Structures are given as C-alpha cells and as structure tokens.
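Visitor: Chains H and F are the protein sequences, given in the same order. Position 186 of the first sequence, counting from 1, maps to 186 under the numbering used here, and the rest follow consecutively. Position 17 of the second sequence, counting from 1, maps to 1017 under the numbering used here, and the rest follow consecutively. Quick reminder that beta carbons are idealized off the backbone N, C-alpha and C, glycines included. Everything numeric in this text was worked out from a predicted model, so none of it was measured. Once you've had a glance at the structure underneath, I'll fire off some questions.
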Amino acid sequence: MELTAVTDERPVEARVVESCQQGDRESFRLLFETHKDKVYSIALYFFGGDAALASDITQQVFLKLFTRIGQFRHQSEFTTWLYRLTTNTCIDEQRRRRRFSPFPETFDAPAKAHPPLPAAEARFMRLEMADSVRAAIASLKPKLRIAILLKYFEELSYEEIALVLNCSKGTVASRLNRGHRILARRLGHLRANVLSGD
Amino acid sequence: MFGQQHVKEQLTAYAHGELTAAETARVAAHLGACARCRVEFEQIAYGIRLIESLKTHAAPAALWDNIEAALAHEEVSSQEQRTERAAQHASHEKATRRGWRLPGSSRLAPFGGWRTALAASLLALFVLGAGGASWFYVRSTRTSWEVARLAGAPSIDADRIGSTGRLGIGEWLETDANSRAQIKVADIGQVEVDPGTRIRLVETRLTEHRLELARGRMHANIYAPPRLFFVDTPSAVAADLGCAYTLEVDDAGRSILHVTAGWVAFETKDRESMVPAGAACLTQPGIGPGTPFFEDASELFLDSLSKFDFANGGADALHTVISEARPRDTLTLWHLLARTEGDERARVYERLAALAPPPAGVTRDGIMLLDPAMLYEWKAQMEPTWLTESMPIVRRAWRSLWSK
C-alpha cells in the first residue's frame, strides 16, 4: 500500500480492509481488536453462556474473515459482511450440534451445563437474573435470537439487521416483537427484581 | 380512542425509535387510548429492560494467539503444497517459509517491500487514532442529546457551545443570566432551559431518560408513554406521565412544579403527589413533595396548605384548608387523606364527601383505612372536575390517554 492512501478520504475501515486484502497482519489485528468483543458476546449469548464454544465460534469467524477477505468487494458495509459471517457461523454450528445433541429449544427444557462466567464479573451483574435472561435468549428460535443479539450487541438499525439477515425490515420488526414478548412472558417472575433494580 | 387499529405489531419498533414521525404519533395516541395495547407495550418495555441488563463480554485474551497460530499453520500448509508442485524451487520456498514463522512477523503473504511495510505501519497508527476517535464519537452521539442555543452563551461542562452542542451523560448544561437553551430529549420531546439554570444528563436509554435539575427553571414538552422521562431535583423526582410542565429549583433546593398539560408524578421514595394540568406542587429538601393544589385557590387556602406541608401548621392549618376548599380543591383533599390520621383524616373525608360524594362501593371505613382500590375509584370520579376548567379539549384528551 502506498503512503498516499493514508491521507485519502475513504472511510477508515475501508482502508483497513484494503490493507488486510494485501496481507497486512497489523490491519488484521486491528480489525480483530475492534470487533472481537461483539462477535464473542453474540456467540456467548447465542449459545446460552457457553464460553468455550463462544471462543471457538469467534475464532472460526475471524479465521474465515481473514482467509476470505479477498472476496470482499466493498459493495456492502464491512460490518454487514462480518455480522453475516458471525450469524451464519452460529447458525451452522447450532445445526451441526443439533444433529448430534439437540440444543434445548424451549425454556422449560433441561438446561445445558455451561462453564460459569468469570467470577469477578459475575459478582457485578446480578448473576441469577443475568443467567435467567441469558437462558431465555438461548431458548428463543435462532431467527428471533440472532435478531435480538444484532440489535442489542451490535446496536444495528432495523435496516442494517435486514441486510445482515437478508430479509425485510418488516420481518426484522416482527422477529424482534415476538422475541421481546416471549422473553417478557417467560421471565415474568423476575419483573419485581428488574423494576426494583432501576 | 384515537386509533381503531391495534398497534401490537409495531410496539418494539416504536420503542426502538424505528417508526416514522407519523407512525410514532399514531402509535403513541393509540397507546394512550387502548389499555390492551398499553399492556402489550409494558411487556415489550420489560423485555427490552431484560436484554439491556446483559453486558457485552470481553473475548478471551488468548484468542488472537490462537488465530495467529492457525493462520500461520494454514500459510505453511498452503506453502508446502506449492512447494511440492514446484520441486525445482524447493530450497527457496523453505527459506521463505522459515521467514513466515519468525516471531513478530507481520505478513501473511509475500506482498511488498519496506515501502509497503512503512505505509502499513503508518496506516495502523492512523487507524488506531482516527478509528478509535470515530468509534468513540459514534458511541458518544448515541449517548448524548442535542442542545441548541436559544440566547446568550450556554455552556456544557464549562465550555461554551456554538449554535448547537451535545450534552453527554454526566455533563452539565449551564445558562447564565442572559442565556437560554433547548435540549432535544432523545426522540421524545424537548426541554427549554431558562437563564440561571444548571442541569445534567443522568441517563438516556430506551426505557429511561433522566435529567437532574440542580437549580434554575426548565420547561418540558414530552411526547411519550408515561414514566419514560424523569427529572431529579434535590427534594423530589418529577416523573412525566405525558405532556408538559415547568419545574423550578431555587438555591435552597426547594422546587415548584407547574403542570400545563397531562399529568406529572412528583415523588420521593415514600411519598407521591399526582399533579394534573393547571395544578402545582412544592417540595422541600428533607420533606419531599407537598400536597398538590390549583393555583386559583384562595390565598388563605394556599397559605394554610403551605404551613401544613412545610411549617408544622398542624390542625389549625388543616382546618383552614378544609373550610376554604372548593369542589376543584378536592384534588388537594384527596391527597390529604393519606397525609393525615385519625380525627384529622375523618374531617378531610367529611369535607371531601360533601364536595364530591363517593361512588357506590367506596365506603367511609375503606377510605379511613386507605384502601387503594377505593381511593383510586374516588379519584377517578373527581378527575373531570379537576381538569375541565384548566384544560383545552386537546389537553383533556391527552390527560385521558396517560392517566388510565
């Protein structure tokens, strides 16, 4: 990459991606550092708090990203591409796992045993409630679950979510509506705790 | 009811601010009129709160090392395949491969020379700075409100703003004796800030927007479901139940609230005053909100109420309030039921019953025991008296929306 590219007016991320496409490892590292926590959090909540699996998914996502970055043509936002990769990796993994050991699809199904989150963090996040919310999110159908995770952990707009999921804005709205209603119903018993925590 | 069509399917988009202005207005109006959709909205808002309680988690620190090792392995494998295909260049390929394995190597593929490496390093530095800055800018704009200068030189955290500025969480907006400003409250309304005011943004999220008014005066116009917008004062919290009000705090921390449309709940942990349009309420530090009143009551009534609330006026002050009360002052008497005991409560009850006989099913015994259902049923019956004289028809409609 020539030095003149540093001062051009294209978005910073586009220049980093181009640099990655030319094989620059520092730029890879930069992309990784910028997005790793969000990708990891999506995977963590998608799989009900399974930290080992979330790490594995995050690793898969970035390996795919780095090995396929040459295919990215700047026709969409880089983040749309990244979150589509994240979504597909999560859903593929879930399908793969379901073939061997069905993932609980309903809240009442026996909970999968997950390694606990770091203890220091757990102390600060009202563990019992957070666990319940996490389990309830993990029990949603994947399409509802991923829409919620993209909304809250990536802070994407409905339009951006629609692009990632390749569906209409109306479908996104409908999935989020259903997801919220189901969560509220399933976690109705926590209402007093949530409201008193305000 | 403003809208006949239920809005159940649009409630999450409404809460997320994803609807157009017209759709937002229609949903807001319908919500006020339709108890069924309001219950649905409470469910959605609760769902949002649940998810907002979750945190983003940091990826494990070792992840990059694993990725780098996997990439190196992949590079080596692909290089070995190429090496096999080009046996005549075997020794050269091995040397190159060893180079890729060197610790600290920054390249995955054989691109460039020193110029590229230098440019890439500069780019990385630039990106770390500019990229970080832009990320923080995006974050800050999502957690800040737009402020417009209306007059003079308002400042945010001691920095004067131009024609506009942004008020971030934790930042103070201050106006001097000649300054005025307008704050855009997320997407749900505006607050005008008068001269001599100090006000801070405490919180802004989907389910709660909160300001702190330390001193001065502000005028709020809020277009949102109840209990989405709050203003903390030194002696009480004003919880918006829809519409408009003026709130003023003096240097001693005392407040006065004038409601111009809708309802506002003025509250502390153990006391709440429900203040409708046309009414006002005072607060004092250490005491909390006084009893709400209509400002067109007699001077004797207002003076005695102030003594009862804040100056240990006792039975004498209460007696004057009771005897001076008009039908419209049943607002004050209704609140006094819970702020009196024994014989005093009985006297308040008798006067209230004389001015506005309780509906069927609301008994003296029940009221004396402060039965919540009976208290609210009686209040509901009196509300038209409180609102008719002070509110134009549109504002009455708003009141009916949010007070149900």
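#1: With 7 angstroms set as the bound, which would you pick, yes or no: does the beta-carbon of Leu1050 (chain F) sit closer than that to a beta-carbon of chain H?
#2: Going by the beta-carbon positions, is the gap between Ala1151 (chain F) and Val1191 (chain F) smaller than 7 angstroms?
#3: Could you name the residues of the same chain whose beta carbon sits closer than 6 angstroms to that of Gln1182 (chain F), not counting the 5 residues immediately before and after it, in chain order?
#4: Give me the Cα-Cα distance between Phe28 (chain H) and Arg15 (chain H), rounded to the nearest whole angstrom.
#5: Any Cβ of chain H within less than 7 angstroms of the Cβ of Ala1244 (chain F)?
#6: Would you tell me roughly how many angstroms separate the C-alpha atoms of Val164 (chain H) and Glu154 (chain H), rounded to the nearest one?
#7: Do the segment 1301-1310 of chain F and the segment 1262-1271 of chain F touch if we need at least three Cβ pairs shorter than 8 angstroms?
#8: Excluding five sequence neighbours on each side, which residues of the same chain lie with their C-beta closer than 8 angstroms to the C-beta of Ile1188 (chain F)?
#9: Give me the chain H residues within the contact set of Leu1031 (chain F), using Cβ-Cβ distance strictly less than 8 angstroms, ordered along the chain.
#10: Taking beta-carbon pairs under 9 angstroms, can you tell me which members of the segment 63-87 of chain H lie near chain F?
#11: With C-beta atoms as the reference, is Ala1015 (chain F) less than 7 angstroms away from Ile1051 (chain F)?
#12: Should the segment 1309-1319 of chain F be regarded as contacting the segment 1361-1370 of chain F, the criterion being three or more beta carbon pairs within less than 8 angstroms?
#13: Report the neighbours of Ser41 (chain H) on chain F: residues whose CB is nearer than 7 angstroms to its CB, in chain order.
#14: What are the partner residues of Phe1293 (chain F), as DSSP defines its beta bridges?
#15: Taking the runs of the beta strand (DSSP E) that are 3 residues or longer, which of them lie wholly in the segment 1229-1274 of chain F?
#16: What separation, rounded to the nearest whole angstrom, lies between the Cα atoms of Ile148 (chain H) and Ile1256 (chain F)?
#17: State yes or no: is the beta carbon of Ile1067 (chain F) nearer than 7 angstroms to at least one beta carbon in chain H?
#18: Excluding the 5 residues preceding and the 5 following Pro1327 (chain F) in the sequence, name in chain order all residues of the same chain whose CB lies nearer than 6 angstroms to its CB.
#19: Is Thr58 (chain H) close to chain F, meaning its C-beta is less than 7 angstroms from at least one C-beta of that chain?
#20: Thinking C-beta only, is Asp131 (chain H) closer than 7 angstroms to Thr1056 (chain F)?
#21: Can you tell me whether DSSP reads Ala1153 (chain F) as helix, strand or coil?
#22: Using DSSP bridges, identify the partner residues of Gly1165 (chain F).
#23: Buried or exposed, going by whether 16 or more other CB atoms sit within 10 Å of the CB of Ala1279 (chain F)?
#24: Secondary structure at Asn1312 (chain F), three-state DSSP: helix, strand or coil?
#25: Please report the straight-line C-alpha distance between Val172 (chain H) and Gly179 (chain H), rounded to a whole angstrom.
#26: Counting along the chain, where does the beta strand (DSSP E) carrying Leu1173 (chain F) start and finish?
#27: Against chain H, which members of the segment 1196-1217 of chain F pass a CB distance test of less than 9 angstroms?
#28: In whole angstroms, give me the CA-to-CA distance for Ala1022 (chain F) and Gln71 (chain H).
#29: Alpha carbon to alpha carbon, how far is Ala1133 (chain F) from Ala1153 (chain F)?
#30: Strictly under 7 angstroms for the Cβ-Cβ distance: is Asp37 (chain H) near chain F by that measure?
#31: Taking DSSP's pairing of strands, which residues face Arg1198 (chain F) in a bridge?
#32: Could you give the first and the last residue of the continuous alpha helix (DSSP H) run that contains Lys1184 (chain F)?
#33: Can you find the residues in the same chain that come closer than 8 angstroms, C-beta to C-beta, to Gly170 (chain H), ignoring five residues on each side of it along the sequence?
#34: Return the CA-CA distance between Glu138 (chain H) and Phe47 (chain H), expressed in angstroms with no decimal places.
#35: If you drop the 5 nearest sequence neighbours on each side, which residues of the same chain put their C-beta closer than 6 angstroms to that of Asp1237 (chain F)?
#36: Can you confirm whether Ser199 (chain H), when its beta carbon is compared against all beta carbons of chain F, has any partner nearer than 7 angstroms?
Guide: Reading it off the structure:
#1: On the second sequence, position 50 is the one that residue 1050 (chain F) refers to. Taking Cβ atoms only, chain H reaches closer than 7 angstroms to Leu1050 (chain F), which makes this a yes.
#2: Here the question's residue 1151 (chain F) lines up with position 151 in the second sequence. Here the question's residue 1191 (chain F) lines up with position 191 in the second sequence. Cβ atoms of Ala1151 (chain F) and Val1191 (chain F): not closer than 7 angstroms.
#3: Numbered from 1 along the second sequence, position 182 holds the residue referred to as residue 1182 (chain F). The residues are Ala1148, Leu1150, Gln1190, Glu1192.
#4: The sequence position of residue 28 (chain H) within the first sequence is 28, counting from 1. The sequence position of residue 15 (chain H) within the first sequence is 15, counting from 1. Each residue's alpha carbon lies about 12 angstroms from the other.
#5: If you number the second sequence from 1, residue 1244 (chain F) lands on position 244. Ala1244 (chain F) does not count as touching chain H.
#6: To locate residue 164 (chain H), count along the first sequence from 1; it is residue 164. To locate residue 154 (chain H), count along the first sequence from 1; it is residue 154. Across the structure, Val164 (chain H) and Glu154 (chain H) are spaced so that their CA atoms are roughly 11 angstroms apart.
#7: no
#8: Taking the first residue of the second sequence as position 1, residue 1188 (chain F) is located at position 188. Cβ within range, chain order: His1209, Ile1222, Tyr1223, Ala1224, Leu1228, Phe1229.
#9: Indexing the second sequence from 1 puts residue 1031 (chain F) at position 31. Per Cβ cutoff of 8 angstroms: no residues; Leu1031 (chain F) is ~15 angstroms from chain H at best.
#10: Leu63, Phe66, Thr67
#11: Along the second sequence, read from residue 1 onward, the residue named residue 1015 (chain F) stands at position 15. Along the second sequence, read from residue 1 onward, the residue named residue 1051 (chain F) stands at position 51. Result no, Cβ atoms of Ala1015 (chain F) and Ile1051 (chain F) do not sit closer than 7 angstroms.
#12: no
#13: Numbered from its first residue, the first sequence carries residue 41 (chain H) at position 41. Within chain F, the residues near Ser41 (chain H) are Thr1056, His1057.
#14: Counting from one through the second sequence, the residue named residue 1293 (chain F) turns up at place 293. In DSSP, Phe1293 (chain F) forms a bridge with F:Ala1280.
#15: 1229-1232, 1237-1249, 1255-1267
#16: Along the first sequence, one-based indexing puts residue 148 (chain H) at 148. Along the second sequence, one-based indexing puts residue 1256 (chain F) at 256. Each residue's alpha carbon lies about 42 angstroms from the other.
#17: Sequence index remark: in the second sequence, residue 1067 (chain F) carries index 67 (1-based). The C-beta of Ile1067 (chain F) comes closer than 7 angstroms to at least one C-beta of chain H.
#18: The sequence position of residue 1327 (chain F) within the second sequence is 327, counting from 1. Hits under 6 angstroms: Leu1355, Thr1385.
#19: In the first sequence, the residue the question calls residue 58 (chain H) occupies position 58. So, interface residue.
#20: The residue given as residue 1056 (chain F) occupies position 56 in the second sequence. The residue given as residue 131 (chain H) occupies position 131 in the first sequence. It is not a contact, given that the beta carbons lie outside the stated cut-off.
#21: Here residue 1153 (chain F) refers to the residue found at position 153 of the second sequence. Coil at Ala1153 (chain F), not helix or strand.
#22: One-based indexing of the second sequence puts residue 1165 (chain F) at position 165. Checking the DSSP bridge columns, you'll see Gly1165 (chain F) partnered with F:Val1147.
#23: As a first step, residue 1279 (chain F) must be located in the second sequence, where it is residue number 279. The residue is buried, with at least 16 neighbouring Cβ atoms inside 10 Å.
#24: By one-based count along the second sequence, residue 1312 (chain F) stands at place 312. In this structure, Asn1312 (chain F) counts as coil in the three-state DSSP scheme.
#25: Taking the first sequence and counting its residues from 1, one reaches residue 172 (chain H) at position 172. Taking the first sequence and counting its residues from 1, one reaches residue 179 (chain H) at position 179. Between the alpha carbons of Val172 (chain H) and Gly179 (chain H) lies a distance of about 10 angstroms.
#26: Counted from its first residue, the second sequence places residue 1173 (chain F) at position 173. First-last of the beta strand (DSSP E) with Leu1173 (chain F): 1172-1174.
#27: Thr1207, Glu1208
#28: Reading the second sequence from its first residue, position 22 is the one you call residue 1022 (chain F). Reading the first sequence from its first residue, position 71 is the one you call residue 71 (chain H). Rounded to whole angstroms, Ala1022 (chain F) to Gln71 (chain H) spans 42 angstroms at the Cα level.
#29: On the second sequence, position 133 is the one that residue 1133 (chain F) refers to. On the second sequence, position 153 is the one that residue 1153 (chain F) refers to. Model confidence at Ala1133 (chain F) stands at a pLDDT of 36, short of 50, so the residue's coordinates are unreliable and nothing is read from them.
#30: Position 37 of the first sequence, counted from the first residue, corresponds to residue 37 (chain H). Yes, contact with chain F.
#31: Numbered from 1 along the second sequence, position 198 holds the residue referred to as residue 1198 (chain F). For Arg1198 (chain F), which the question treats as bridged, DSSP gives the partners F:Glu1174, F:Arg1215.
#32: Counting from 1 along the second sequence, the entry for residue 1184 (chain F) is found at position 184. Per DSSP, Lys1184 (chain F) belongs to no alpha helix (DSSP H); it is in the beta strand (DSSP E), 1180-1185.
#33: By 1-based counting over the first sequence, the position of residue 170 (chain H) is 170. Answer for Gly170 (chain H): no residue qualifies.
#34: Working through the first sequence from its first residue, we reach residue 138 (chain H) at position 138. Working through the first sequence from its first residue, we reach residue 47 (chain H) at position 47. Glu is not the amino acid found at residue 138 (chain H); the sequence shown has Ala there. Computed Cα separation, rounded: 6 angstroms.
#35: Within the second sequence, numbered from 1, the residue matching residue 1237 (chain F) stands at position 237. Asp is not the amino acid found at residue 1237 (chain F); the sequence shown has Val there. Within the same chain, Val1237 (chain F) has close Cβ partners Phe1230, Glu1267.
#36: No statement about residue 199 (chain H) is possible, as the shown extent of chain H runs from 1 to 198 and does not include it.
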